[in-house]
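Q:
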Ligand SMILES: *Cc1c(COP(=O)(O)O)cnc(C)c1O
């Protein structure tokens, strides 16, 4: 075939090396749309390079969120990005996979077979907590109304420890709920059950127990919370139930500590949420919530969408979103099975225990969490041992590419600054050893170097939210 002169010129353009193109020689459109299109291969490189100096996700020890999936999972997820999770009628097989995941999770959480559990996927635990909170508010109101309580006399309240994740504060603000916070103190690094009981009244919509406090990785004692509430509920018509925020623990503990009673085995636990993108090992964003029985999910919160000519219940705050993380979750469940999850999580836990032990051996730190609940290592500097702060140490580690936050604990403990490593499934022992080498070298550098130290009163240097 003969080329015209024009064709030749066009094909020359396609042959141009990316870094020889006009686009790489001028400022790209940033805040106003550019006038003309850009070739896809060049646009790809430009956008990719915009992200060049972002940290390496797998060296980010700050986040609980999944930073690695197998190639097959990634392929599957990228091939299903266009599927809309809400469109059950167009994608009935996707809806079926979601349904299977809910069933598998309900089984992991020991949902009683004689009750009708119900659940859904969400964007993450934040949406799931919002749904769990709303269900508690609506069903409290129904019970209270029946019992003749004056609903206008005071705001309904929710009881939670000060180790709550920010989504609960949002829930309380959005839904006009008084948040009754049980402060953590040095003796109680998780919820103080006695104080919960002092805070309960007839306007309490529920108590939240946290399986994996974001700050420290510790677990609330949900079993003893349940025992205390059972005694209380026996004596009153104004029953109070538990929602468990198991964002991080919900897909970890069933594999590693199946005997720990924190889930639907406990009588007063009525709903549980988790993040599939934390120890469910899926890229963000995917979360799950399951109610023990449909009785705990008021009908007003359920909406029907069309499904195969019939209708299907949905309870979600968002409408459209990609179903690909749901498909990624099902892939992981199918691929790993119980034993696979257990092996990955056990290895992750071994790494956490190794790191905690190494940190302790330096003699400079007090360990707050040694990886024995969640694989989280969390420590503070011993008093008056060194001149530098944990913020300085975080800076040194950052120079080697490691992102390790230092931040103050909440409320009564805010004078204590801690540092935390979240060990994840893609952080093997060899990476952990490499990290430890950098950690020890940083300690040495801090001991020897004359550097500008952070003002220890400056608490805002390395914040974190998840
Ligand atoms: C991470 C976390 C959340 C929020 O979860 P997302 O999935 O990021 O929305 C809520 N509660 C706890 C305890 C968490 O650890």
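Residue numbers (this note's numbering): 963 to 1428.
The C-beta atom is built at its ideal place from N, Cα and C for all residues, glycine as well.
Could you compute how far the alpha carbon of residue 1021 sits from the alpha carbon of residue 1364?
A: 5 Å
Q: May I ask you to check if the CB of residue 1290 is nearer than 7 Å to at least one heavy atom of ligand 1?
A: no
Q: Please state whether the Cβ-Cβ distance between residue 1125 and residue 1080 is less than 8 Å.
A: no
Q: Let me check understanding here. Comparing Cα to Cα, which of 1241, 1042, 1379 and 1275 lies closest to residue 1309?
A: Ranked by Cα distance from residue 1309, the first of 1241, 1042, 1379 and 1275 is 1241.
Q: Since residue 1252 and residue 1237 should fall inside the 8 Å C-beta cutoff, what is the C-beta to C-beta distance between them, to a whole number of angstroms?
A: Actually they do not touch by this definition, with Cβ atoms about 13 Å apart.
Q: Buried or exposed: where does residue 1424 fall if 16 or more other Cβ atoms within 10 Å of its Cβ makes it buried?
A: Note that residue 1424 scores a pLDDT of 45, beneath 50, so its modelled location is shaky and nothing firm can be said.
Q: With respect to the beta strand (DSSP E) encompassing residue 1381, which residues constitute its N-terminal and C-terminal limits?
A: 1379-1384
Q: Locate the alpha helix (DSSP H) running through residue 1366, then write down its first and last residues.
A: Segment: none, residue 1366 is in no alpha helix (DSSP H) and carries neither H nor E.
Q: Rounded to whole angstroms, what is the Cα-Cα separation between residue 1087 and residue 1235?
A: 6 Å
Q: Count the other CB atoms, across all protein chains shown, that sit within 10 Å of the CB of residue 1324; report buried if there are 16 or more and exposed otherwise.
A: exposed
Q: Please report the straight-line C-alpha distance between residue 1282 and residue 1244, rounded to a whole angstrom.
A: 19 Å
Q: Alpha helix (DSSP H) containing residue 1061: first to last residue?
A: 1054-1070
Q: Return the CA-CA distance between residue 1117 and residue 1140, expressed in angstroms with no decimal places.
A: Each residue's alpha carbon lies about 6 Å from the other.
Q: Is the beta carbon of residue 1047 within less than 7 Å of some heavy atom of ligand 1?
A: no
Q: Opposite residue 1142 in the DSSP bridges: which residues?
A: 1121
Q: Would residue 1224 and residue 1254 be called neighbours here (beta carbons separated by less than 8 Å)?
A: no
Q: Contact defined as beta carbons within less than 8 Å: I believe residue 1122 pairs with residue 1135. What is the distance between those atoms, to the nearest angstrom?
A: Their Cβ separation, rounded to whole angstroms, is 14 Å, which puts residue 1122 and residue 1135 out of contact at 8 Å.
Q: Under three-state DSSP, which class holds residue 920?
A: Residue 920 lies beyond the residue range present for the chain, which begins at 963 and ends at 1428; the question has no answer from this structure.
Q: Provide the residue span of the alpha helix (DSSP H) that contains residue 1288, from first to last.
A: Per DSSP, residue 1288 is one residue of the alpha helix (DSSP H) stretching across 1286-1323.
Q: Tell me which residues share the same chain as residue 1190 and place their Cβ nearer than 6 Å to its Cβ, disregarding the 5 neighbours each side in the sequence.
A: 1155 and 1159
Q: Check for me: the alpha helix (DSSP H) holding residue 1401 runs from which residue to which?
A: 1391-1410
Q: Regarding residue 1225 and ligand 1, is the C-beta to nearest heavy atom distance less than 7 Å?
A: no
Q: Using the Cα positions of residue 1344 and residue 1334, report the straight-line distance between them to the nearest angstrom.
A: 21 Å
Q: Would residue 1262 and residue 1100 be called neighbours here (beta carbons separated by less than 8 Å)?
A: yes
Q: Give me the Cα-Cα distance between residue 1066 and residue 1410, rounded to the nearest whole angstrom.
A: 54 Å
Q: In angstroms, rounded to a whole number, what distance separates the CA positions of residue 1391 and residue 1030?
A: 16 Å
Q: Can you tell me where the beta strand (DSSP E) with residue 1274 in it begins and where it stops?
A: 1272-1276
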